[in-house]
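To convert, take the position in the sequence shown, counting from 1, and add 96; that gives my numbering.
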Amino acid sequence: RGDSWQKTAGLGGYDIMVLKLTNSALPGPKPKLFVTSAIHAREYATTELVTRFAEYLVNHYGTDADATWLIDHHELHFMLHANPDGRKQAETGLSWRKNTNDNYCSFWPNYRGADLNRNFEFSWGCCGGSSGSECDATYRGPSAASEPETQAVQNYVRANFADNRGPDPSDPAPDDTSGVYLDIHSHGKLLLWPWGHTSDPAPNGTQLQTMGRKLAFWNDHSPEQAIGLYPTDGTTDGVGYGELGVASFTYELGTAFFESCSYFEDTIVPDNMPSLIYAAKVVRTPYMTPAGPDALSPALSDGAAAPGVTPGTPVTLQATVNDTRYNNSNGAEPTQNVVAAEVYVDTPPWVTGATAIAMSASDGAFDATV
Ligand code: 0X9
Ligand code: ZN
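Here's what the structure looks like:
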């Protein structure tokens with residue numbers, strides 16, 4: 097189905113492989129989700145969760161409507177391990193966060209390397225959110241994007257997303273900007289959006305907050321602007337949002353770096369899978385769609401599974417449309433009454449020739465948030 101491994105076209109011959117999923121038989125351009133995991137080597141749950149998400153998409157293509165629609169009409173890009181050399185160190189039992197660059201802190205080899213999540217160009221070293229000391233956990237590196245892993249991520253993001261944001265810190269990306277970038281970390285059960293280097297809200301801060309509260313509805317993470325955790329500069333979301341205006345989020349999964357398998361299987365996977373699916377569903381317009389309702393539990397009157405309907409057989413479709421599903425633990429997201437609902441069969445609304453079928457309200461009037 098067009099799944100393939102892509103190279104990041106890194107500098108100095110250094111590449112990190114990216115798994116790209118889409119149905120190549122359907123023409124693009126298609127909106128893109130890009131996910132990085134384990135840029136901090138010891139954050140083990142991150143790579144496995146994102147791998148499970150990729151497996152869900154591939155294994156359910158053709159039977160699950162969400163997986164099928166996501167792969168047909170979107171591109172899903174996964175850099176499953178953004179710090180492979182650090183991973184090898186973590187696998188020896190060390191709590192390894194940084195990369196393994198032995199140009200830094202060579203005197204204490206277990207503290208060598210740069211913190212890749214302080215090495216990105218945007219806002220690098222600007223604001224007291226990183227360290228200039230080589231052996232520190234948040235060492236930012238000697239210069240912006242000095243590290244090959246940083247360059248690989250930056251190059252990949254720049255190659256895959258258009259620049260939608262002006263040069264001024266207060267320039268917002270337009271409402272219809274497409275694309276989502278997720279950087280998956282652990283731990284702390286947080287859902288973070290820019291900025292991390294200033295307490296000023298980002299120019300798209302309200303929209304990022306809306307989507308962050310939606311993503312955190314499922315995983316019960318605390319949704320907040322990144323600086324609410326602590327100040328950071330030179331982070332991954334700088335190339336996504338700061339440079340290009342792409343809606344960018346940082347997940348902090350779970351409760352530990354070396355997470356227990358039982359917590360991972362029983363809580364992290366079931367809580368975060370629907371959050372990732374939601375992020376993928378809104379990549380066409382992440383600054384608009386999350387402000388509106390979710391269409392839930394579509395069901396046919398005759399009980400037939402959707403792929404099983406014989407052409408020409410009349411059926412009635414029922415669904416719940418719900419505008420209240422946000423994590424309101426840090427504030428209260430506004431909601432609106434649902435005023436209409438439409439169904440599209442097979443052809444999505446944005447494709448020329450798509451036909452809307454109006455739905456009616458089961459209680460006679462569209463006058464409620466659900
Ligand atoms: O400090 C970090 O890099 C992240 N936390 S972690 O425990 N995984 O190391 C948080 C970064 C949050 N800031 C931004 N995303 N801007
Ligand atoms: Zn991290």
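Ideal Cβ placement from N, Cα and C applies to all residues, glycine included.
Values in this document were obtained by computation on a predicted structure and should not be read as measured data.
| Inside the stretch 402–442 only - beta strand (DSSP E) runs reaching at least 3 residues | 413–418
| field | Helix, strand or coil at residue 307 [DSSP, three-state] | value | helix
| field | Coarse secondary structure for residue 373, derived from DSSP in three states | value | helix
| Would the C-beta of residue 152 count as close to ligand 4, meaning under 7 Å from any of its heavy atoms? | Inclusion of ligand 4 in the displayed structure is not the case, the ligand content consisting of ligand 1 and ligand 2 alone.
| query | Does the Cβ of residue 116 have 16 or more other Cβ atoms within 10 Å, making it buried, or fewer, making it exposed? | reply | buried
| With burial defined as no fewer than 16 other Cβ atoms inside 10 Å of the residue's Cβ, what is the status of residue 204: buried or exposed? | exposed
| field | With 16 other Cβ atoms within 10 Å as the buried cut-off, status of residue 167 | value | buried
| field | Nearest residue (CA-CA) to residue 330, options 457, 236, 193, 313 | value | 236
| Where do the N-terminal and C-terminal ends of the beta strand (DSSP E) with residue 244 fall, by residue? | Note, residue 244: premise wrong, no beta strand (DSSP E); alpha helix (DSSP H) at 244–256.
| request: Since I believe residue 365 is in contact with residue 389 (beta carbons under 8 Å), could you give me their beta-carbon distance rounded to a whole number of angstroms? | output: Actually they do not touch by this definition, with Cβ atoms about 26 Å apart.
| query | With which residues is residue 321 paired in a DSSP beta bridge? | reply | Answer is 289.
| Extent of the continuous alpha helix (DSSP H) run through residue 154 | 140–155
| request: My understanding is that residue 138 touches residue 186, with C-beta atoms under 8 Å, so please give their C-beta distance in whole angstroms. | output: 5 Å
| task | Can you tell me which of 255, 230, 261, 220 puts its alpha carbon nearest to the alpha carbon of residue 241? | result | 220
| request: Compute the minimum distance between the beta carbon of residue 355 and the heavy atoms of ligand 1, and state whether it is under 7 Å. | output: Flag unset: Cβ of residue 355 not near ligand 1.
| What is the residue span of the beta strand (DSSP E) that residue 76 lies within? | Outside the displayed range of the chain (97 to 466) lies residue 76, so it cannot be described from this structure.
| Is residue 277 buried or exposed, if buried means 16 or more other CB atoms sit within 10 Å of its CB? | By the Cβ-count criterion, residue 277 is buried, with 16 or more other Cβ atoms from all chains shown falling within 10 Å of its own Cβ.
| CB of residue 315 to nearest heavy atom of ligand 2: below 7 Å? | no
| message | Considering only the alpha carbon of each residue, which of 434, 310, 450 lies closest to residue 440? | response | 450
| request: Go ahead and pull the three-state DSSP assignment for residue 352. | output: coil
| Backbone CA spacing between residue 343 and residue 290 [nearest angstrom] | 9 Å
| task | Determine the direct distance from the alpha carbon of residue 164 to that of residue 99, and round the result to whole angstroms. | result | At residue 99 the pLDDT is 43, less than 50, meaning the model places this residue with poor confidence; the figure from the coordinates comes in the next sentence. Cα-Cα distance, rounded: 13 Å.
| said: Tell me the rounded alpha-carbon separation between residue 374 and residue 311. | reply: Put simply, the backbone Cα of residue 374 is about 7 Å away from that of residue 311.
| message | For the stretch 117–133 against the stretch 172–181, do three or more pairs of beta-carbon atoms, one drawn from each stretch, fall closer than 8 Å, so that the two count as touching? | response | yes
| query | Does DSSP put residue 98 in a helix, in a strand, or in coil? | reply | For residue 98, the pLDDT reaches just 37, beneath the cut-off of 50, and the residue's location in the model is therefore unreliable, although a value from the coordinates is still provided. Residue 98: coil per DSSP, three-state reduction.
| message | Between the stretch 381–397 and the stretch 349–368, can you find at least three pairs of beta-carbon atoms closer than 8 Å? | response | Flag = no, the stretch 349–368 and the stretch 381–397 do not touch.
| request: Count the CB pairs spanning the stretch 248–260 and the stretch 331–339 that are closer than 8 Å, and state whether there are at least three. | output: yes
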